[in-house]
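Note sheet for the following structure.
In our numbering, the protein residues as written are 34 to 422.
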């Protein structure tokens with residue numbers, strides 16, 4: 034006794050899933066792939082599969098009334114699919130549906146954190162024990178600085194493997210995703226997001242000024258709260274130093290050795306940020322030193338790794354608490370909500386380009402331009418005080 038069904042996968046592909054019992058009473062599940070038309074899959078299911086099942090079950094071949102079409106070249110059974118083969122198909126599937134930058138992040142995590150452990154394993158043979166053992170490697174892994182991986186990064190890595198195995202469940206009939214039976218590790222949100230106080234940033238900027246190309250980048254990050262990718266995508270045309278604004282409508286990524294500029298993280302990430310007058314003056318000084326400047330020139334030609342290295346260098350000199358580049362964004366948000374500025378939550382979200390409004394007030398409130406200008410003016414006063422110290 035056997036069962037079978039036709040499944041569509043991808044955009045224009047079909048396969049025949051079927052299960053059968055061998056003489057020892059064991060049930061097996063596999064499939065036949067490679068059909069570009071549903072009728073081809075139906076013909077194979079009707080004309081070829083019964084004889085194949087009879088052979089597999091070692092029974093007398095089933096008599097077929099209809100004309101037997103030539104069998105297509107045989108393909109590996111799904112139960113023999115290697116994890117590396119599944120990943121290739123999953124990435125092809127993802128690249129059609131997701132942003133290039135998202136796929137680049139996925140690819141990096143998969144190549145460095147998942148494939149080294151699972152690439153030669155058969156997908157249908159991966160057990161809960163395998164998942165637990167792999168998770169132990171994440172919990173004991175160290176960064177280049179010798180520290181443990183953050184809880185949020187561990188959760189991100191785990192989520193990528195979960196997505197791959199879910200794809201196998203959906204497309205190839207994997208009975209269940211073993212990650213759902215393994216212990217959940219990592220955390221979705223960080224409990225303590227590192228940031229610097231205004232006094233700590235004052236100390237940092239005094240030393241960072243030694244290298245102007247990095248100094249001005251850090252200044253923009255701290256006083257606007259924009260993301261690193263948004264900073265690196267900025268062009269001269271995005272600056273309006275007369276009206277004291279910066280337009281953010283793109284983000285930068287380095288993918289497979291190439292510079293890639295795409296739309297930002299979310300629709301609400303596209304925004305016009307009001308900036309302090311002192312910052313506008315600094316930027317006007319900075320751009321005068323850029324050779325061959327035109328509207329499409331990227332303002333900051335530094336790399337993400339370069340920003341991280343320079344940040345680490347200055348931190349060590351100043352003896353400041355460790356903080357990633359993204360910490361400037363948290364520092365900016367904390368400054369806006371501090372007694373120094375006292376910006377409403379909705380204004381903070383607007384500056385940051387957040388897509389989620391967490392409160393009813395934020396959901397049904399709207400920001401007046403004068404509120405944004407008022408915050409930028411207050412930040413300008415703080416910058417002037419720093420300059421006069």
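From the three backbone atoms N, C-alpha and C, an ideal C-beta is built for every residue, glycine too. All values reported here derive from a predicted model rather than from experimental measurement.
| said: Does the structure place the segment 286-295 close enough to the segment 351-367 that three or more beta carbon pairs sit under 8 Å? | reply: no
| Those runs of the alpha helix (DSSP H) which lie wholly inside the segment 152-203 and span at least 4 residues | 161-173
| Bridge partners - residue 346, DSSP secondary structure assignment | Its beta-bridge partners do not exist; DSSP assigns none.
| task | Out of 216, 408, 376, state which residue places its alpha-carbon closest to the alpha-carbon of residue 188. | result | Out of 216, 408, 376, 216 has the C-alpha closest to the C-alpha of residue 188.
| said: What does the Cβ neighbour count give for residue 145, buried or exposed, with the cut at 16 atoms within 10 Å? | reply: exposed
| said: Looking only at its chain, what residues have a beta carbon closer than 6 Å to the beta carbon of residue 38, apart from the 5 residues adjacent to it on each side? | reply: 50
| With 16 as the cutoff for other CB atoms within 10 Å, does residue 423 come out buried or exposed? | The displayed coordinates of the chain run from 34 to 422. Any statement about residue 423 would go beyond what the structure contains.
| message | 8 Å is my cut-off, CB to CB: does residue 405 come that close to chain D? | response | Absence of chain D from the displayed structure is noted, only one protein chain being present.
| query | What residues are listed by DSSP as bridge partners for residue 65? | reply | 49
| task | Leaving aside the five residues before and after residue 303 along the sequence, list all residues of the same chain whose C-beta is less than 8 Å from its C-beta, in chain order. | result | Result list for residue 303: 281, 282, 296, 297, 386, in chain order.
| query | By Cβ distance below 7 Å, which residues in the same chain neighbour residue 201 in space, the five residues on each side in sequence not counted? | reply | 119, 156, 207
| field | Beta-carbon contacts of residue 142 that lie in its chain and below 6 Å, excluding the five residues immediately before and after | value | 190, 193
| query | DSSP state of residue 111, grouped into three classes? | reply | Correct three-state label for residue 111: helix.
| said: Taking its Cβ as the centre, do 16 or more other Cβ atoms sit within 10 Å of residue 371, making it buried, or is it exposed? | reply: exposed
| message | Based on DSSP bridge pairs, tell me the residues matched to residue 286. | response | 293
| query | My guess is that residue 277 and residue 409 are in contact by the Cβ rule of under 8 Å, so how many angstroms apart are they, rounded? | reply | With a beta-carbon spacing of about 7 Å, residue 277 and residue 409 fall inside the 8 Å limit used to define contacts.
| field | Cutoff 7 Å; reference residue 326; Cβ partners in own chain excluding five residues on either side | value | 269, 320
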